[in-house]
Structure formats: structure tokens, C-alpha cells
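Below: the structure, in C-alpha cells.
Residue numbers (our numbering): 883 to 1195.
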């Protein structure tokens, strides 16, 4: 049994196709198939049911695949140990970022990070939280930046910053004359929301669920961008809530519609998340240090109430 054979097994388990698994593993299909077959012969079991399309994993194969993930991850830690001993911070590092954080946070830290750590090849992917979690488990992401808490057993969460919710309330709205917003003021029926799949949407809904004004789950308009929500609010379609960093670059005339909340300010917790195996932890630590030091200057809020991004039944 070899690490390479286990890597091939994991590739087939992921892609459910020997040809595609070989392509992703940068070997020929006969080579990959032969190595998987040799492992099955050595173990005396079938890992894959090749009679089905797509290929399926046998019952014992599921257990073997789960153990193979652990073994391959631990083998990769050996290089990590050497890198950490040498104080080396470099190599490929794949980072996922949720869509509601990517446009505001990435320009703040990317240039500073690549200048400070030029040997790191940072590969950045915009992904939903659920996709990110799956890719961290499967080893396709080294870490992610997402709203937390997520309460997932195999994931570690290290908070980067707490980003307050800010109301965008046009003058003609029922709350337009208020100096500050209170959570009890919110009526989910007149708040413009991001579409399904955005954790910020779930945070807004969770924030409103405590409100006595809530009348049901009917949302008039849903959009994929904060810019669209702001434009719709300007047209008298309701109000919306924005993450604090999204308010910093609003046009001057629009900034007059911003309203903060009474303390404790509702906020979302943005964290660096990664697998508990802590592969490439030296790069993860470096990334957290750079982001935290930069964002600390932009967000100085302390008295906040964290609103969970988890959907509630």
C-alpha cells in the first residue's frame, strides 16, 4: 500500500470516473486504474463498484476512503513539519472567501500579504459557505473566510473581526426619521434581502426573528448584490441592512441614509476557518496576522452582539 495509491483512490471517489480522476492526478488512466486495482487486490476487497455509472463506492470502500483522507493528510503534515522547522512560509495556498466579504476585504489585505510573503502562491476562490466547508473537508481548500459560528466538528474557527450591521433607510421610510435603529424596530417584511445561499441573508432573518413586528416569511424582492438592494431602497421598495465595510465607499448622498444600531450593535463574526488537521498552519497564521492588523484600523467597534449565520427552523 502506498500514499500514491491512496491519493488515486481519493481522486476516483471524488470524480466517480477513472478517466477524469487520472486527468486531475496528472497520470494516464491505465496507470491510475492499475494502482487502484493493485490496492484492491492487496486488501482483498472492492473499493469501487465499476458496474454502475457513475462509479459508486462500496460499503467497505466508504470506510477505506475516509481513512485514506486521514492518512494522506497526515503524510502531507511531514512537509509542514519541515517547513515550520525551517521557518519557511511559502508554497501554494488555496483560500475561499464568501461573496459578501470578497469585494470589501480582499482589496484591503491582498497587496500587503503578497508583499510580506512573496513565496506564498495565494489562490483565491469566491465560494458559498457550504461549498467552502465541503472543499475544506475534501482537501481542495486550505482555508476559508466566512461568517461564523458554523458549529462543524472538523473545522476550526479563528475570528478575524466583528462587522456591524448598518441600516440603509431612505428618508421616506417609516424609520427614516430615527437617529438610531433598535432590533425591535425591524420588520422582515419590508427589508430587502440577498437571495438564498448568502449567509448574510440568514443573519438578517435571525436578527429580525426576535422582532414582535414580524408577520411571516414573505420577502418581496431578493437580490444577489448589495448595490441592487440599495438602488431598490432608493426607489421606495423598503429598507435594507449592509455589512459595515460595504458602507465605506457609498456615494456621499447615499451615506445620509445610513443608520447605526443602538448598542450592543448587531454584528457578524468573520473568521478564518480551516481543517482541524492544521495543514499549512504557518501560512494560515501569517494570513490571519496580516488581515487582523489591517482590518483593526477600519473597524473599531467593541460593544457588539454576534448574530449567527446558521439557518434556524
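Even for Gly, the Cβ is constructed at its ideal location relative to N, Cα and C.
Along the chain, where does the beta strand (DSSP E) containing residue i start, and where does it finish?
i            : result
residue 1121 : 1121-1125
residue 928  : First-last for residue 928: undefined, no H or E at that position.
residue 1074 : 1073-1076
So residue i is in the alpha helix (DSSP H); what residue range does that whole segment cover?
i            : result
residue 1088 : 1081-1090
residue 890  : 885-897
residue 950  : 941-968
residue 1016 : 1011-1020
Is DSSP giving residue i helix, strand or coil here?
i            : result
residue 1135 : helix
residue 1179 : helix
residue 1146 : coil
residue 998  : helix
residue 920  : helix
residue 1187 : strand
residue 901  : helix
residue 1117 : coil
residue 915  : helix
residue 907  : helix
residue 1035 : coil
residue 1042 : strand
residue 870  : Outside the displayed span of the chain (883 to 1195) sits residue 870, for which this structure offers no information.
residue 1057 : coil
residue 987  : helix
residue 1063 : strand
residue 1193 : coil
residue 1156 : strand
residue 1100 : Residue confidence for residue 1100 is low, a pLDDT of 46 falling below 50, so the modelled location carries little weight and cannot support an answer.
residue 1129 : helix
Let me check one thing: in DSSP terms, what residues is residue i bridge-paired to?
i            : result
residue 1004 : 975
residue 1049 : 1123, 1141
residue 1030 : 1151
residue 1174 : Answer by DSSP bridge pairing: none, since residue 1174 is not bridged.
residue 1025 : 977
residue 1107 : Paired residues: none, contrary to the question.
residue 938  : 931
Run the CB neighbour count on residue i, radius 10 Å, all protein chains shown included, and call it buried at 16 or more, exposed below.
i            : result
residue 885  : exposed
residue 1053 : exposed
residue 1098 : Note on residue 1098: pLDDT 49, under 50, position unreliable in the model; the coordinate value appears next. Under this definition residue 1098 is an exposed residue.
residue 1009 : buried
residue 1121 : buried
residue 1036 : exposed
residue 1062 : exposed
residue 1064 : exposed
residue 1138 : exposed
residue 994  : exposed
residue 951  : buried
Quick test of your reading: residue i and residue j, contact by CB under 8 angstroms. State the CB separation rounded to the nearest angstrom.
i            : j            : result
residue 1152 : residue 1029 : 6 angstroms
residue 1088 : residue 1189 : 6 angstroms
residue 890  : residue 917  : 5 angstroms
residue 982  : residue 1131 : The Cβ separation is near 15 angstroms, so there is no contact.
residue 988  : residue 1047 : With a Cβ gap of about 21 angstroms, residue 988 and residue 1047 do not count as contacting.
residue 947  : residue 1042 : Not quite, the Cβ-Cβ distance comes to about 33 angstroms (not below 8 angstroms), so this is no contact.
residue 915  : residue 900  : 5 angstroms
residue 1024 : residue 1162 : 5 angstroms
residue 1140 : residue 1129 : 6 angstroms
residue 1002 : residue 971  : 6 angstroms
residue 1112 : residue 1136 : 7 angstroms
residue 953  : residue 895  : In fact, because the Cβ distance is near 14 angstroms, the residues do not count as touching under 8 angstroms.
residue 1085 : residue 1150 : 5 angstroms
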